[in-house]
Structures are given as structure tokens and as C-alpha cells.
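Below: the structure, in C-alpha cells.
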Amino acid sequence: MKQNYKCMIMLLLMSLIGSEGFAEPLKKDNIQEAEAAYAQQDLKQAEALYLQVLQKTPNHFLSNARLGSLYLGINQPAKAVAYFKQAIAVNKKYSQDLNQQLALAYQLSADYDNAITVYYDLLKREKKNSAEVAVYQKKINECIAGKQLMANPLKVKVDNLGALVNSASVDHVPVLTANDNTILFTSQRSKDLRKPTATSDEDIFMINRMEENWSSPARLKEPFNTPSHEAILAVTADGNKMYFYSNKNGKGDIYESKKEKDNVWQAPVKLGSNINTKHHELSFVLSADNNFAFFSSDRPGGYGGLDLYMSIADGNGNWSEAINLGPNINTVYDEDAPFLSADNNMLYFSSKGHNTIGGYDIFKSTINGAVWSLAQNMGVPINSPYDDAFYVQTQDGKVAYFSSDRPGGFGESDIYSVEKEEVIASTEPEEMIGPYTAMVGDDDLEAIMPALTKAQAAQVNQTRKFMGYVIDAKTNDTLAARITLLDKTLFNTDVQVETTPEGYFELELDKDKTYGLLIESNGYQIRSQMLNQPEGNDAENFTAMLQPDSVAVSRLALQNIQFYPNQEFIKSYSLAELDWLYTYLLDNPQVDAVITDYRNTEDTVQDKKKLNQQRAASVIKYLNAKGLEPGRIRFAAKNTKPLPAKNEMAMGLVINLEPTE
């Protein structure tokens, strides 16, 4: 992630050199020297020279912009903020480009509220069909996820493995051997270990546990390391096979090397076509019994970008055709770096999708039969707004290792350890407040912990927070709105929530209930949405987009009104939304409801029009029985423009709200 930031920052700022935005009085000494140092990536010298310019001319646009980008590029985003803000204040012409970097600096500093504000400002400037709209919406969702995860940090200790292991370059992809005492990893450090400079290719290194510390890294010899690029991926539990990535043939593939009886490793062999393709295969891991392989690939037919796949061993050294792990794991973004727990029940991986807080985050998923659960974010401080990936753990699961390019490391990417924190409450009586109970833990150490009542215990981890914004689908402006939460478990309207004037809302939901949402704002079409709750405790966030009510006929797709497949019978939980529709029509006598369609993906009947007519009759009968005046709702099948099958917001009972005749 950091590598991408550096490229983006350099291209943006270099593209502005010589433009009229920099046509300001410049002295030939410091500023020209600073520019030369910046162009040559002598960042320490450039920093000192730009600061000298700003001491004399605090509003110097170029120096402020350059320093902001410089600090952002060297993982000091909080320091970059002030310089970006000053540059924007001095020259509004380039505020769009600099605001992108300012928002990113806020996000990387975990200042999510300010990041959201700037991202929304950028979003409002974009045209509806601009590609940047989706980019900014995703960044906003990342910041919302970051806010929630920071509010509920994990009780774990994350430590850098230190300068003896990590270099000034890239160190990543830790791989544990079965005894947990050896780590193989990939590094871009110079082949001369006395030199801190990086090389263009990566090699495989090894460290061993030395009591409480790790040994100095040792570079593996051939056949693992060659003049080309190699990266370690996996080692079998018996230590007799090693898998690694190599681009020695000009494209990345996964290779296997076997250890012979005399402890000599054979020449690497590329895995077969069910694993390797003409596309990119980057990561690979085996189950503990060597019967299953998990790997990443950007081959066609996936959900987008890199996807995770599984292949099954046939017992003869061959792998089955790859199986995509499905939408609970894979997204339209990149998924990579799989790792399977020792009991084969938990898959860990990294993703740029789901509810990531920026870059790659580490997720986990459990398997139930043949189905993987919806990916769950591992949380903060394991994850950061930077790239966090290649998570592995010891056999007992008590210690884990991963790589990250977060600030505070020794190089561009470092290897970190994760351990659970042991917190023992004080036993001093005067420091205790409320009811306490004694608990015996490891080594018979007695910990005094607050006692929970049965009611309190029942509430632990029983709720999930949903957060987001309501925005205008055409202008991307935020909207104040009213949200009706439909408790579909109890078949009634549960609660109504008003957003802030900026359109922000938070909902605290019971995890064991099914909900629907109705979102209303004056001058906009009503939005009806089903709320599917994933497994786990992670918060969910989304952006609700409302269409302006600028035409005589408003069209609704009421997602929370559902029928049994191929039947006209209404599902019981739909009554809450039908009751809302009844109240809405009573409160708005100037409009009538016309049912035109019912869209779903479950029906298989041929005569869809007849089925829709029967379903409409069921709805009309229910509303008339409640007291709605006959004629206020009717059925009239219309030839509407087909909507994409994947457009979830188009699913449900389609109703036109038309002026009363």
C-alpha cells in the first residue's frame, strides 16, 4: 500500500512542476536545491531545504505541498496534514488534488472523522457517473469501519521483531515451521547484509528461536534463491517440501521443492496447470494434513482482482481443479495471503474489501461443512490503515506473526508478533468498585474480576453496530433523513432514528434478529432495504443513496416485502413493511400505490405475470382488511426497463406512487 502511495504522490506533485500554480517568486538558492534533492529522492536534504524556505515565507505553496507529500510518503501522515492544509489555503486551484492527499493523510493517521469530512467534500464535487464516486465511497466506508474498530480494540500486544530481523527495506511473508522455532521470510534487503540498500529482487531468509530472541537472518542458498525474485510461501509439517513464488520465467508461478534422503533439496518444480495459469498466482498454503491447498490468483471467473481458491490433493502428487472460495471470502477487490489454522477450521487471509479500514486488512473465516462463514475483520491493533498481511500463528494459536508497512518500523515493511495481553486486576480492596468474583487462571494465579449478573452476561456480544451516511444519489450531498428500523423477527416497527444534519447515523442491533430499513428524506424517493447480519462481532457500515423525487411518479422497490418462492403467500416478517405502507398511504392521501412487479432470484415459474398478479392481490387484500380505502392500491403490470440481476436494490415488491386521480 505504501509503495502505491509513494508513486501516486510523486506523480501528482511532479506533474504540477512548471505549472502556473508554482509561478511564485522563488529564490535560486534553497528552493532550487530543494527541488533537485526532491527529484533525486534525497528526502532528508529536501526536507531541510523546504523548511528553510518556509521559515522565511510560511505561505510558500510549493514548499508546503512538497513537504506534505514528503511526510506522507515516509509514513508520517499526521505531520503531513498541516502542510497540505496550508498549501490548499494558499492556492485553491489545486485543492482537488491536494485534498485527496489530505484525506489520505487523515485516514492513515486514524483521524477518521476529519478524513470522512474531506472525502465527502471530494465526493460532492464529482459527477454521478464519475469513476471517483465509488473510490470515495469506499474510502468513507473504510473510515467508518476504522472508527468502530478503534472503539473496540483487541486486548493483544503487537511487537516489531526488531532491527536484528527487520531491515531498512521490505521484510514480509513470515512462514512458521511445525515446531514454531523457525521462521522463513522474504526480504528485499541487499545481498550484502552490511549494506542497508534494497535490491529490485527478493530472496528467502531464515531465523531461529534463541531463547527469548531470534537469531540473525540467514539467506537460503540455491535452489531457493537465484538471481531472480523468490518469495517463501509454505513448508509442509514434516519439513520435506517447500513452496515458493518465483518469476524466473518472466511471470509469477508457484514452485515446489522436495528434500531428498541425504537432506539435499531437489531443483524446484512448477506446480501443474490446476494451480498455475498464464495469470498471476501469488500466495499458497497447505492444510496440516497436506490434503488441501489454498492460493490466490487473478484468473478469469473470479469475483474481481485476486481471489482465493482451494485445490484438493488426489494422493498421487496432483491437485484438483481450483475451487473459488465464494463471496463470503472473495470480493471485487483483492484477497491474498491465506493461512489455515492447525485444526483446519479457521482460514486467515488479507483483503482490500469487506470492512477493511484501509489497504489490506487481516480477516478470518470458519468452515461449516463446505461453506465458509462471512469474513470477520481481526480488529485493531492487528489491523491498521496500512497494508497488514501474511498472518500465521503457532500450533497452539497463542502467538501469531504478520507483516505490515505501518509507521514505526525499521523499513518499508516489517514483521510483527501478536500475543494476547494478560490482564490481572488489582487485589487492593480499596481499588475495587462493585461486585467482584475470584477466578483462577494459569499457574494458579488468582485474578479478581468484576462479576456479571445473568442479565449482563446475556447481553455480552449480543449486539452489533451499524453505521453510515445518507446521501443524494445525483449530487453526492449528505442528507438529513429519518430511518425506520423494522424488526422482522417481531413483525413490527421497532424504532425510528433521525440522522445528524450531515446524514450520519448509528444503529445498535440485536445480532439474533432480522431487520429491514426504510429511509426517508423530504424531496427524495423512499429507500427500502433488507439488512443481512453477518456472523461475528464486527460492525457494519454502508452508504444509503436516495434518488431525488423530481418526477410525477416515484418508484419503490420494497425489499422487505417477500413471498415464498413460486407462491403468492406473504412471508410473515413482511407484515412490518406492509403496515408501514398502510400508514404512509393514510398520511399521504395525494398519492395512490400501483403494484407493477415483484423481482427476486428464487422464482422458477414460467408465467411470472400471473404469479405477480396473485401476489399483488395478496398485498391489496391485506391492506384493505386493515382499513385502506379500496382503490388506493391496485395492480397494473407495466413493461419496465430490465434492471441488472446483481442490482440488489431493485429486488422486492415494485410499487409506483402516483398522484391520486
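Counting from 1, position 167 in the sequence shown corresponds to residue 176 in my numbering; the numbering is continuous, with no gaps.
Here a beta-carbon is modelled for each residue, glycine too, at the ideal position from N, C-alpha and C.
Small disclaimer: the values here were computed from a predicted structure and weren't measured.
Excluding five sequence neighbours on each side, which residues of the same chain lie with their C-beta closer than 8 Å to the C-beta of residue i?
{"i": "Asn190", "result": "Asn217, Arg218"}
{"i": "Asp601", "result": "Leu594, Gly640, Arg641, Ile642, Arg643, Leu666, Glu667, Pro668, Thr669, Glu670"}
{"i": "Pro598", "result": "Thr669"}
{"i": "Tyr631", "result": "Ile579, Leu584, Leu587"}
Express the C-alpha separation of residue j and residue i in angstroms, rounding to a whole number.
{"i": "Leu173", "j": "Ala489", "result": "54 Å"}
{"i": "Phe419", "j": "Leu193", "result": "19 Å"}
{"i": "Pro390", "j": "Val167", "result": "7 Å"}
{"i": "Asn188", "j": "Lys270", "result": "20 Å"}
{"i": "Ser237", "j": "Ser176", "result": "20 Å"}
{"i": "Ala553", "j": "Gly512", "result": "10 Å"}
{"i": "Ala346", "j": "Gly525", "result": "35 Å"}
{"i": "Phe304", "j": "Lys580", "result": "41 Å"}
{"i": "Met539", "j": "Lys635", "result": "24 Å"}
{"i": "Ile213", "j": "Lys268", "result": "17 Å"}
{"i": "Glu517", "j": "Val341", "result": "28 Å"}
{"i": "Ala276", "j": "Asn169", "result": "34 Å"}
{"i": "Gln385", "j": "Leu527", "result": "26 Å"}
{"i": "Met319", "j": "Leu334", "result": "7 Å"}
{"i": "Leu63", "j": "Asp122", "result": "29 Å"}
{"i": "Ser162", "j": "Met387", "result": "The amino acid at residue 162 is misidentified as Ser; the sequence shows Pro. Going from the Cα of Pro162 to the Cα of Met387 covers about 10 Å."}
{"i": "Ile149", "j": "Gly324", "result": "48 Å"}
{"i": "Gln50", "j": "Glu56", "result": "10 Å"}
{"i": "Asp616", "j": "Thr286", "result": "44 Å"}
{"i": "Trp589", "j": "Ser393", "result": "42 Å"}
Under 6 Å Cβ to Cβ from residue i, same chain only, skipping five residues before and after it: list those, please.
{"i": "Leu662", "result": "Leu567, Ile570, Tyr607"}
{"i": "Val99", "result": "Asn68, Phe70"}
{"i": "Val278", "result": "Glu265"}
{"i": "Tyr59", "result": "Ala43, Ser72, Arg75, Leu76"}
{"i": "Val90", "result": "Ala114"}
{"i": "Ser359", "result": "Asp345, Ala346, Tyr369, Ile371, Ala398"}
{"i": "Leu92", "result": "It should be noted that the sequence gives Tyr, not Leu, for residue 92. If we look at Tyr92 and ignore the five residues flanking it on each side, its Cβ neighbours are Asn73, Leu76, Gly77."}
{"i": "Ile40", "result": "Val62"}
Where do the N-terminal and C-terminal ends of the alpha helix (DSSP H) with residue i fall, by residue?
{"i": "Met159", "result": "140-160"}
{"i": "Ser627", "result": "617-635"}
{"i": "Asn169", "result": "Asn169 -> not in any alpha helix (DSSP H); beta strand (DSSP E) instead, spanning 165-169."}
{"i": "Gly82", "result": "70-82"}
{"i": "Glu529", "result": "Premise fails: Glu529 lies in the beta strand (DSSP E), 524-529, not in any alpha helix (DSSP H)."}
{"i": "Pro86", "result": "86-99"}
{"i": "Lys53", "result": "52-65"}
{"i": "Ile40", "result": "39-48"}
{"i": "Tyr115", "result": "104-117"}
Here's a check: name, in chain order, each residue in its chain whose Cβ is nearer than 7 Å to the Cβ of residue i, leaving out the five neighbours to either side.
{"i": "His288", "result": "Ser306, Asp307, Arg308"}
{"i": "Gln623", "result": "Glu577"}
{"i": "Asp486", "result": "Lys133, Ile480"}
{"i": "Glu507", "result": "Arg491"}
{"i": "Gly311", "result": "Asn333, Asn339"}
{"i": "Tyr591", "result": "Leu632, Lys635, Leu637"}
{"i": "Ser329", "result": "Asn283, Ser320, Ile321, Asp323"}
Starting from residue i, trace the beta strand (DSSP E) both ways and give me its first and last residue.
{"i": "Glu265", "result": "262-267"}
{"i": "Asp345", "result": "344-349"}
{"i": "Arg134", "result": "No beta strand (DSSP E) contains Arg134, which is instead part of the alpha helix (DSSP H) from 121-134."}
{"i": "Asp519", "result": "513-519"}
{"i": "Ala243", "result": "239-244"}
{"i": "Gln538", "result": "536-540"}
{"i": "Pro574", "result": "Run containing Pro574: none; DSSP gives neither H nor E here."}
{"i": "Gln197", "result": "191-198"}
{"i": "Val294", "result": "290-295"}
{"i": "Asn643", "result": "At residue 643 the sequence reads Arg, which differs from the Asn that was named. Counting along the chain, the beta strand (DSSP E) containing Arg643 begins and ends at 642-644."}
{"i": "Pro183", "result": "180-185"}
{"i": "Lys250", "result": "250-255"}
{"i": "Leu317", "result": "316-321"}
{"i": "Ser306", "result": "301-306"}
Against chain B, does residue i count as a neighbour if the rule is that its beta carbon must be under 9 Å from one of theirs?
{"i": "Gly368", "result": "Absent from the structure is chain B; it holds one protein chain and no more."}
Inset, instruction - Give a yes or no on contact between the stretch 370-386 and the stretch 129-139, applying the rule of three or more CB pairs nearer than 8 Å. - result: Three or more Cβ pairs closer than 8 Å define a contact, and the stretch 370-386 falls short of that threshold against the stretch 129-139.
Inset, instruction - Indicate whether the contact test is met: 3 or more Cβ pairs, each with one atom in the stretch 116-126 and one in the stretch 138-145, closer than 8 Å. - result: Contact fails: fewer than three Cβ-Cβ distances are below 8 Å.
Inset, instruction - Answer yes if the stretch 281-301 comes into contact with the stretch 234-252, meaning at least three C-beta pairs across the two stretches below 8 Å, and no otherwise. - result: Touching, per the Cβ criterion.
Inset, instruction - Only counting runs of 3 or more residues, tell me where the beta strand (DSSP E) segments fall wholly within the stretch 584-608, in order along the chain. - result: As far as the stretch 584-608 is concerned, its whole beta strand (DSSP E) runs of at least 3 residues are 600-608.
Inset, instruction - Give, in chain order, every unbroken run of the beta strand (DSSP E) that is at least 3 residues long and sits entirely within the stretch 359-422. - result: Those beta strand (DSSP E) runs which fall completely within the stretch 359-422 and span 3+ residues are 370-377, 397-402, 408-413.
Inset, instruction - Indicate whether the contact test is met: 3 or more Cβ pairs, each with one atom in the stretch 153-167 and one in the stretch 363-371, closer than 8 Å. - result: Taking a cut-off of 8 Å on C-beta distances, the stretch 153-167 touches the stretch 363-371, as three or more cross pairs fall below it.
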